[in-house]
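Residues -4 to 411, numbered by my numbering, are exactly what the sequence shown covers, in order.
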Amino acid sequence: MSPENASPDSVVIVGAGQAGSDTAAALRSRGYAGPVTLIGAEDAVPYQRPPLSKGYLTGAVGRSEVELRPDSFYTTQGIDFVCDDRAVAIDRAARTVTLASGAELSYGALVLATGARPRRIATPGAGLDGVLALRSLADADVLRDHLDRAGHVLVIGGGFIGLEIAATTRARGCEVTVVEAAPRVMGRAVSEPMAEYLTGAHRKEGTRVLLGRSVSALQGDPAGRVRAAQLDDGHRTPADLVVIGVGVLPNTALAAEAGLAVGDGILVDSGLSTSDPHIYAIGDCARFPYGDGMVRLESVQNASDQARHVAARLAGGDPGPYTAVPWFWTDQYTVKLQIAGLTAGHDRAVVAGDPGSGRFTVFCFAGSRLLGAESVNRTADHVITRRLLAAGHTGLTPDVVAQPGFDLKTYQRQPA
Ligand code: FAD
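What follows is the structure, encoded as structure tokens:
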């Protein structure tokens, strides 16, 4: 981190999602007094995405409740919030950003918080009316509108968002089928025992979960509305609403065109600086050092913690390297799954508690080192694991956790 970057004369933030809005807010709460401009491509006040597949879809959560901060916040905090406009070019030598509207903004420091967009599928029929993806509030409004008329929902992809949409639409009384090409759901994100548990939870609620299968074509009626899906095993399933949940791609084009280093995300160092020391990248669009490698995470925790980290730096502090422990959550039916750490790459998963009771934790290890814990309706395990991981030495081993009646709350009270 160069001293000239310590407190820039102005900050421009591209992307008014969780990471962008939190950066602007954290800059002010840390006393940064220079001009702050927040540019958002969407025609909306920055909002939270998690409710879009949960309460907002059922109608339990209203529009104003998803807003991260009221519109007036930006005015009162002296944050210049430019919405419905898009940054289209960065001139790194001149330190300016050009917007689609033609406006040109100078920056002392630039924060890229451009998020991610849904991955598309090339399946025949993917362009039919009623084939949707969910990323934005506008997408959620369209989905809600279709849901009012849908009887059979097909979800392509058994990841976090696909399964949440399956749970929400099933709870609304739709017939729901999930088609997942991998042999298990949430393959990237959770352990085998947890994937099995979730599959069982969905099936118990009456959702059809088809594993190791794919959709070979979507079929429509003469009006161009989706009506059915042809599966790769020859079966046909009715579908008057199809939601594609096959993951996201980071929005890196702006950075790449400016010559910044990218590769499944905008590459940043442990201070969240890109290959240009005046430009930072955070949230879903950023790939950063974690453990022995680099990761790109898609979570509110990651977006918010990285926002606060960069803001602390830009406000003149020295927060050191970014080392926050990742955590995630998902709500599906009555299952509240909370994940502390990154469990991918584990070679041993030890279950504590009884999955049959709907309250248990899977502790995931690489050798004897705890990588993380996946807790269902056991918030205490989640919170304690986060604390232990943050401390850097958990003391937990597979043998300790595998002891009959192991309880993390009791364990952590024991003297080291
Ligand atoms: P985003 O929120 O995607 O914001 C990026 C913004 O930048 C967008 O508004 C985009 O339009 C804008 N933008 C892009 N390019 C430009 C440009 N050139 N100029 C101007 N603006 C631009 N996470 C959890 O932890 N728990 C959950 O339960 C959970 N549920 C989710 C449910 C859904 C339906 C979705 C879609 C996501 C969910 N997530 C969840 C993920 C979480 O919402 C994201 O990780 C988080 O929003 C990332 O924040 P971000 O600011 O990096 O990106």
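We put the beta carbon where it would ideally sit given N, CA and C, even for glycine.
All values reported here derive from a predicted model rather than from experimental measurement.
Beta-carbon separation (whole angstroms), residue i vs residue j, contact threshold 8 Å
i: Ala224; j: Leu206; result: That pair is no contact at about 16 Å.
i: Leu244; j: Arg44; result: Not a contact, Cβ separation roughly 16 Å.
i: Leu309; j: Ala104; result: 5 Å
i: Leu138; j: Leu22; result: Their Cβ separation, rounded to whole angstroms, is 34 Å, which puts Leu138 and Leu22 out of contact at 8 Å.
i: Val305; j: Arg282; result: The Cβ separation is near 15 Å, so there is no contact.
i: Arg64; j: Ser16; result: 6 Å
i: Ile160; j: Val241; result: In fact, because the Cβ distance is near 12 Å, the residues do not count as touching under 8 Å.
i: Val180; j: Leu158; result: 6 Å
i: Ala345; j: Phe355; result: In the sequence under discussion, the amino acid at residue 345 is Val, which differs from the Ala named in the question. Wrong, their Cβ atoms sit about 11 Å apart, outside the cutoff.
i: Ile277; j: Ala248; result: Incorrect: roughly 17 Å between the Cβ atoms, too far for contact.
i: Leu132; j: Val77; result: That pair is no contact at about 18 Å.
i: Val185; j: Glu369; result: 6 Å
i: Thr269; j: Ala256; result: 7 Å
i: Ala82; j: Ile34; result: 6 Å
Own chain residues within Cβ distance below 7 Å of residue i, not counting five before or after
i: Gly215; result: Gly120, Leu123, Val221, Arg222
i: Gly146; result: Cys169, Glu170, Asp235
i: Asp228; result: Arg208
i: Asn246; result: Thr109, Gly110, Ala111, Arg112, Cys280
i: Val396; result: Val345, Ala347, Phe358
i: Ser48; result: Leu129, Ile156, Glu159, Ile160, Thr163
i: Gly260; result: Pro245, Thr247, Cys280, Ala281, Arg282, Arg291
Residues near residue i in its chain [Cβ-Cβ closer than 8 Å; skip 5 each side]
i: Arg381; result: Val320, Trp322, Ala335, Gly336
i: Gly258; result: Arg282
i: Gly219; result: Leu123, Asp124
i: Asp342; result: Phe360, Ala361, Gly362
i: Pro393; result: Arg343, Val345, Phe358, Phe360, Ser363
i: Gly198; result: Just to set this straight, residue 198 is Arg in the shown sequence, not Gly. So the list reads Val204, once near-sequence residues are dropped.
Closer than 6 Å: residue i CB and nearest the ligand FAD heavy atom
i: Arg81; result: yes
i: Asp279; result: yes
i: Pro45; result: yes
i: Arg303; result: no
i: Phe323; result: yes
i: Ser96; result: no
i: Leu249; result: yes
i: Glu293; result: yes
i: Ile412; result: This structure leaves residue 412 out entirely; the chain is present only between -4 and 411.
i: Arg87; result: no
i: Gln13; result: yes
i: Asn246; result: yes
i: Leu129; result: yes
i: Ile274; result: no
i: Val237; result: no
i: Val253; result: Residue identity check: residue 253 is Ala in the sequence provided, not Val. Checking every heavy atom of the ligand FAD against the Cβ of Ala253, none is found closer than 6 Å.
i: Ala319; result: no
i: Gly10; result: yes
i: Ile34; result: yes
i: Thr109; result: yes
i: Ala55; result: no
i: Ala161; result: no
i: Ala196; result: no
i: Ala298; result: yes
i: Ser48; result: yes
i: Glu200; result: no
i: Glu170; result: no
Counterpart residues of residue i in DSSP-defined beta bridges
i: Leu191; result: Here residue 191 turns out to be Glu, not Leu, going by the sequence shown. Note: Glu191 sits in no beta bridge, so no partner.
i: Pro321; result: Answer is none; Pro321 lacks a bridge partner.
i: Thr412; result: Residue 412 is absent from the structure shown; the chain starts at -4 and stops at 411.
i: Asp124; result: Arg220
i: Pro245; result: Ala111
i: Leu332; result: Thr325, Val371
i: Glu170; result: His147
i: Ser268; result: Tyr275
i: Leu262; result: Arg282
i: Ala212; result: Gln225
i: Leu309; result: In the DSSP output, where bridge partners are listed per residue, Leu309 has none listed.
i: Phe358; result: Val345, Ala368
i: Arg231; result: Gln225
i: Ala104; result: Val6
i: Asp75; result: Thr32
Nonlocal neighbours in the same chain, by C-beta distance under 6 Å from residue i, ignoring five residues either side
i: Ser211; result: Gln225, Asp227
i: Trp324; result: Gln333
i: Met(-4); result: Legend: pLDDT at Met(-4) = 41, less than 50; position of this residue unreliable, no value from coordinates given.
i: Val339; result: First, the residue type needs correcting, since residue 339 is Ala and not Val in the sequence shown. No residues qualify anywhere along the chain.
i: Leu391; result: Leu365
i: Arg165; result: Val171, Glu200, Thr202
i: Asp79; result: Asp38
i: Pro316; result: Ser265
i: Phe401; result: Ala347
i: Lys404; result: Ala375
i: Met189; result: Val357, Glu369
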